[in-house]
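Step one of this worksheet: look at the structure below.
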Amino acid sequence: MKFFIDTADLEEIEEANNLGVLDGVTTNPSLCAKIGVADFEGHIAKICDMVEGDVSAEVVSTVYDDIMPEARNLAAIADNVVVKVPLIKDGIKAIKALSDEGIRTNCTLCFSATQALIAAKAGATYISPFIGRLDDISEDGMQLIADVVQIYDNYGFETEVLAASIRHPMHVLESARMGADVATMPLKVIDQLLHHPLTDSGLERFLADWDKLQEEIKTPA
Ligand code: E4P
C-alpha cells in the first residue's frame, strides 16, 4: 500500500518525507486555502521537488473547455504532477481526453461505486473515494472502498484506488485489509499509525532496567 500525505503544508510534507515511507502528496483547494498559498503553480513545483512520488494538484474549472487548458498547465509543472479532476460530467469527459493525451489524473470527490466505475472507464489514473465525509453523514465509507476494489478487480481496471478523506488509523487499516492501492492521510494520522502505548511503556522499562544494570556494575555490592 502506498502512503500519501494529504496536505499543502511544506513543513508537514518534509516531516513525513523524512520518515522515509512517503510515496506521494495530495492537495486540494481547501488545503491550499488553509495555509494561504498565493502562487499555486510555484507551490506545487516546490512540492514536486521535495518528493519523488506523485503529487496531486486540483483544477478549479468545472467546464470541459476550461478544465483542459488548466489541466495541461498543471501537468507541465513537473513529471510527477497528477491532475485532480472532480467527478462531474465535464470532469469525466476531461479525464478521458487527458488520459488519451497521456496526462495522469486523480478523479476526486467520489462518493459512490457507480461514479468510480465511470472514472475507471474514462481512464483515471487514481480514483479518490472519500471515506470520512461519507461517515460524517452516517453512510459507510469503508463499504465504498470495498465495493470499488471489488469492481476494479472484477474487470481488471488499472485505475488505482486512493482511499481519501481519512480521519483515523482504522480507516487506513481497513483500507489496507480491503486492498486499496493508496491511502492519503494527514500527518497526524501517519504519526498515529506508528504509536502504541505499550511500545512507549515497554521502551521506558527497558531503558530503566539498563540504567539500573549500569549502576550495579559501577558500584558492586
Ligand atoms: C484528498 O485527495 C482529499 O481531497 C482529502 O482527503 C479530503 O479530505 P477531507 O474530507 O478531510 O477534507
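Heads up, the sequence shown is in my numbering, so the first residue is 906 and it goes up one at a time. Note that CB positions come from ideal geometry on N, CA and C, so glycine has one too. Small disclaimer: the values here were computed from a predicted structure and weren't measured.
At least one heavy atom of the ligand E4P falls within 7 Å of the beta-carbon of ASP911. In this structure ASP959 is buried. Its beta-carbon is surrounded by 16 or more other beta-carbon atoms within 10 angstroms. Taking the C-beta atoms as reference points, VAL1054 is found nearer than 8 Å to VAL1066. Between LEU1039 and the set GLY1061, GLY1028, ALA1069, the nearest pair of CA atoms involves ALA1069. The three-state reading of DSSP puts PRO1091 in coil, since its state is none of H, G, I, E or B. Taking non-hydrogen atoms of the ligand E4P into account, the C-beta of ALA921 is found less than 7 Å away from none of them.
Judged by their CB atoms, MET906 and VAL1087 are nearer to each other than the 8 Å cut-off.
Counting only unbroken stretches of 4 or more residues, the alpha helix (DSSP H) elements lying wholly within the stretch 1026-1083 are 1036-1041, 1046-1060, 1074-1083, in sequence order.
Assignment of ALA962 by DSSP, reduced to helix, strand and coil, places it in the strand class. When secondary structure is reduced to three states using DSSP, PRO1125 falls in the coil class, being assigned neither helix nor strand. Less than 8 Å divides the Cβ of ILE982 from the Cβ of ALA950. Annotation for ASN933: no alpha helix (DSSP H) segment contains it, and DSSP assigns it neither H nor E.
Collapsing the DSSP output to three states places PHE1016 in coil. The beta carbon of SER1080 lies closer than 7 Å to those of ILE1050, ALA1068, ALA1088 in the same chain, with the five residues before and after it left out.
Residue ranges of uninterrupted beta strand (DSSP E) with 3 or more members, entirely inside the stretch 959-998 and ordered along the chain, are 959-963, 986-991.
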